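The structure appears right after this line, and notes come after that.
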Amino acid sequence: MKIRNIIVIMSVLTLIIVSTAFKVVTIGKSPVPSLKEAFSDQFHIGTALNAFQIIGRDTAAMKVVKRHFNAIVAENCMKSGRIQPKEGEFDFKLADQFVEFGEKNDMLINGHTLIWHSQAPQWFFTDKEGKDVSREVLIQRMKDHIYKLVGRYKGRVHTWDVVNEAVLDDGSYRKSKFYEIIGEEFISLAFQFAHEADPEAELYYNDYSMAIPEKRAGVVAMVKKLQEKGLKIDGIGMQGHIGMDYPAIEEFEQSILAYSQLGVQVMITELDLTVLPSPWNQTGANVSDNYEYDKKMNPYPHGLPQEVEKTFTERYTDFFKLFVKHQDKISRVTFWGINDGHSWRNNWPIRGRTDYPLLFDRDNNPKPVVDSIIKIAKQ
Numbered sequence: 226m227k228i229r230n231i232i233v234i235m236s237v238l239t240l241i242i243v244s245t246a247f248k249v250v251t252i253g254k255s256p257v258p259s260l261k262e263a264f265s266d267q268f269h270i271g272t273a274l275n276a277f278q279i280i281g282r283d284t285a286a287m288k289v290v291k292r293h294f295n296a297i298v299a300e301n302c303m304k305s306g307r308i309q310p311k312e313g314e315f316d317f318k319l320a321d322q323f324v325e326f327g328e329k330n331d332m333l334i335n336g337h338t339l340i341w342h343s344q345a346p347q348w349f350f351t352d353k354e355g356k357d358v359s360r361e362v363l364i365q366r367m368k369d370h371i372y373k374l375v376g377r378y379k380g381r382v383h384t385w386d387v388v389n390e391a392v393l394d395d396g397s398y399r400k401s402k403f404y405e406i407i408g409e410e411f412i413s414l415a416f417q418f419a420h421e422a423d424p425e426a427e428l429y430y431n432d433y434s435m436a437i438p439e440k441r442a443g444v445v446a447m448v449k450k451l452q453e454k455g456l457k458i459d460g461i462g463m464q465g466h467i468g469m470d471y472p473a474i475e476e477f478e479q480s481i482l483a484y485s486q487l488g489v490q491v492m493i494t495e496l497d498l499t500v501l502p503s504p505w506n507q508t509g510a511n512v513s514d515n516y517e518y519d520k521k522m523n524p525y526p527h528g529l530p531q532e533v534e535k536t537f538t539e540r541y542t543d544f545f546k547l548f549v550k551h552q553d554k555i556s557r558v559t560f561w562g563i564n565d566g567h568s569w570r571n572n573w574p575i576r577g578r579t580d581y582p583l584l585f586d587r588d589n590n591p592k593p594v595v596d597s598i599i600k601i602a603k604q
C-alpha cells in the first residue's frame, strides 16, 4: 500500500474517532442523571453531612454529595452540645467548614438545630449547685446561644431548624427542661430570637412522626399560636423516618396538606426508609429509645434479599410520587445521610443491626431505587 493511501486512511479514521468523541461530549449525557438535576424543577434534594465528610476524610461520599445534592444540613455539628459545650465557650470550627463547603458548591445551607431537648449540654439548665436555673436565666441562655450561632452565619446559612421535636405523638407538648422551666413560651421565644439574629433567614419547626393525626393537630395549633403573635415561621419540617409499613401514605399526605394550609412551606427532612422490624411496634424516632439485641431483629446482616430490595424500591417510589404530586407545597427533600453505612438506623433502637435505609449502598453505588425515583421526576 502506498504511503499516500495510508495517510488518507489514517486521516479518515482520525476524523471518525474525533467526530464520535465530539458527539459524546456535546450531545451525549450520563446514563444516570443526578438527583438534583432530575428534580431541579420540583424541589431541592439534600443530605446530612457528618464530621468525617465535612473535614474531607470521606472523599468517596463527598463525590456523591457534589454530584447528586444541592442542599446540605448539619447532622450534629450545629447542635448546642457541640457548639457550646461549656457556657460561653463556643466551638465553631466544624460548623465553619460545613458552611464553607456549602458556599463553595452553591448549595442551600440548612442549620440544625437551635433548640432541642436532646444533645443539649447539661449546664444549659442548671446552676453551679446542679439545681434548675430560673426561668429568666434559661431564657437569657437561649437568647445568648441563638444570637451567637445565628449571628455568626447571618446571610450565609439560609434556613434554620429553630425548634426540634417539641410536640409528642398525642399532640401535647414534650415535658422537656425547656418546657418545665419556661413553659410553652420557649418555642415562641426561640423563633423571636432567631429572627432578631438574622431577619432574612427562613425559620422552621422540625419533628418526627408528623403524619400521626393527633400530632398533626398539635403542631397545627402550635404554629397558629406563633402566627397569632406575629412571629416569623416559614416552614415545617416533616422528618421522614419511615418504615416499610408505616406511616400510611394517605396520612402523610393529609399532613402535607394541613401544614401547607397554614401558609408555610413543607420540607421532607431526615428521610430514610428502614427495612428492619421495629420492636414493640416502635415507629417514632426518639433517639433515647434503646432495646437489647435480638438476632431475629437483625434479619439481613449480609445484604437484602431481592424481593426485599424490590419492595424497598417500590415504597420509596410511592413516597416520591406523593412529593412530586405536591411539589407546589414542598421546597426540599433531604435524606438523613449519604450511604447505608452512615445511617443512624444501623444502631437505633437496637445497637449492632445492619440496615439499608438510604439511596446509596455502603460503597457509594446508587441502588436501583435511584433510577426509579429519577423516572418519577421525568413523568
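Under the working numbering, the first residue of the sequence shown is numbered 226, with each subsequent residue one higher.
Cβ coordinates follow ideal geometry from the N, Cα and C atoms, glycine included.
In this text the structure is predicted, and so the values were computed from the model without any measurement.
Checklist entry - So, using beta-carbon positions, are Asp-519 and Val-489 closer together than 8 Å? => result no
Next on the checklist: Taking 8 Å as the threshold (C-beta atoms), are Ile-599 and Leu-333 in contact?
Outcome noted: no
Item to check | Other residues of its chain near Ile-474: CB distance less than 8 Å, five sequence neighbours each side excluded | outcome: Asp-543, Phe-544 and Leu-547
Checklist entry - In terms of residue numbering, what span does the alpha helix (DSSP H) encompassing Val-489 cover? => result Judged by DSSP secondary structure, Val-489 falls outside any alpha helix (DSSP H); it is assigned neither H nor E.
Checklist entry - Is it right to say Asn-564 is buried, meaning 16 or more other beta carbons lie within 10 angstroms of its own, or is it exposed? => result With 16 or more Cβ atoms within 10 Å of its Cβ, Asn-564 is classed as buried.
Checklist entry - Quick one, are the C-beta atoms of Pro-591 and Leu-583 less than 8 Å apart? => result In this structure, Pro-591 keeps its C-beta atom at 8 Å or more from the C-beta atom of Leu-583.
Item to check | Bridge partners - Ala-296, DSSP secondary structure assignment | outcome: BP columns for Ala-296 point to Gly-271 and Leu-333.
Next on the checklist: Under DSSP, the alpha helix (DSSP H) around Asp-543 begins and ends at which residues?
Outcome noted: 531-550
Checklist entry - Mapping DSSP to helix, strand and coil, what is Ile-601? => result When DSSP states are grouped into helix, strand and coil, Ile-601 belongs to the helix group.
Item to check | Supposed close pair Cys-302, Ala-286 - CB separation, criterion 8 Å | outcome: Between Cys-302 and Ala-286 the beta-carbon gap is near 16 Å, outside 8 Å, which marks them as no contact.
Checklist entry - How is Thr-579 classed by DSSP in three states: helix, strand or coil? => result coil
Next on the checklist: If you follow the alpha helix (DSSP H) that Val-444 is in, where does it begin and where does it stop?
Outcome noted: Here the alpha helix (DSSP H) through Val-444 covers 438-453.
Item to check | Gly-465 burial status per 10 Å Cβ neighbour count (16 or more: buried) | outcome: Counting Cβ neighbours within 10 Å, Gly-465 comes out buried, since at least 16 surround it.
Next on the checklist: My assumption, with CB atoms under 8 Å, is that Ala-422 sits in contact with Tyr-372. Please give the rounded CB distance.
Outcome noted: For Ala-422 against Tyr-372, the beta-carbon gap comes to about 5 Å, under 8 Å, which counts as contact.
Next on the checklist: Measuring only the C-alpha atoms, how far is Phe-560 from Met-492?
Outcome noted: 11 Å
Next on the checklist: I'd like the list of long-range same chain contacts for Phe-247, defined as Cβ closer than 8 Å, with 5 residues on each side in sequence excluded.
Outcome noted: A caution first: Phe-247 carries a pLDDT of 33, below 50, which makes its placement in the model unreliable, though a value can still be read off. Excluding positions up to five away in sequence, the list is empty.
Checklist entry - Taking buried to mean at least 16 other C-beta atoms within 10 Å of its own C-beta, is Lys-304 buried or exposed? => result Its Cβ being crowded by 16 or more others within 10 Å, Lys-304 is buried.
Item to check | Contacting residues, own chain, Cβ-Cβ under 7 Å from Gln-267 (five flanking each side not counted) | outcome: Val-549, Gln-552 and Ala-602
Item to check | Reference Val-500; option with closest CA among Lys-554, Tyr-484, Thr-494 and Asn-523 | outcome: Asn-523
Next on the checklist: Whether or not the region 354-368 and the region 319-334 are in contact is what I'm after, with contact meaning three or more pairs of Cβ atoms, one per stretch, closer than 8 Å; do they touch?
Outcome noted: no
Item to check | Backbone CA spacing between Thr-284 and Ala-299 [nearest angstrom] | outcome: Between Thr-284 and Ala-299, the C-alpha separation is close to 17 Å.
Next on the checklist: Tell me which residue opens and which closes the beta strand (DSSP E) that Val-387 is part of.
Outcome noted: 384-389
Item to check | Distance, Tyr-430 Cα to Ser-359 Cα | outcome: Each residue's CA atom was taken as its position, placing Ser-359 and Tyr-430 some 25 Å apart.
Item to check | Simplified DSSP assignment, three categories, for Arg-557 | outcome: strand
Item to check | N-terminal and C-terminal residue of the alpha helix (DSSP H) that Asp-459 is part of | outcome: Premise fails: Asp-459 is in no alpha helix (DSSP H) and is neither H nor E.
Checklist entry - If you compare alpha carbons, which of Lys-535, Phe-323, Trp-385 and Arg-441 is closest to Val-595? => result Lys-535
Item to check | Asp-395 classed as buried or exposed, judged by whether at least 16 other C-beta atoms fall within 10 angstroms | outcome: exposed
Checklist entry - With DSSP run on the structure shown, which of helix, strand or coil describes Ser-255? => result In this prediction, Ser-255 has a pLDDT of 46, which is less than 50 and means its spatial position is unreliable; what the coordinates show is noted afterwards. The answer is coil: DSSP assigns Ser-255 none of H, G, I, E or B.
Checklist entry - Name the DSSP beta bridge partners of Val-392, please? => result Tyr-398
Item to check | Inter-residue spacing [alpha-carbon to alpha-carbon] between Lys-554 and Ser-480 | outcome: If you draw a straight line from the Cα of Lys-554 to the Cα of Ser-480, it comes to about 11 Å.
Next on the checklist: Quick check on His-342: does DSSP put it in helix, strand or coil?
Outcome noted: coil
Checklist entry - According to DSSP, what are the bridge partners of Asn-351? => result One detail in the question is off: residue 351 reads as Thr in this sequence, not Asn. For Thr-351, which the question treats as bridged, DSSP gives the partners Asp-357.
Checklist entry - With Val-533 and Leu-487 assumed to form a contact (beta carbons below 8 Å), what rounded beta-carbon distance in angstroms separates them? => result That belief does not hold up - the Cβ atoms of Val-533 and Leu-487 are roughly 38 Å apart, past 8 Å.
Next on the checklist: Under 8 Å, with one C-beta from each stretch per pair, do the region 407-423 and the region 434-441 reach the 3-pair mark?
Outcome noted: no
Next on the checklist: Since Ile-412 and Val-388 should fall inside the 8 Å C-beta cutoff, what is the C-beta to C-beta distance between them, to a whole number of angstroms?
Outcome noted: About 5 Å; that satisfies the 8 Å criterion.
Next on the checklist: In the DSSP output, which residue or residues are listed as bridge partners for Gly-465?
Outcome noted: Paired residues: none, contrary to the question.
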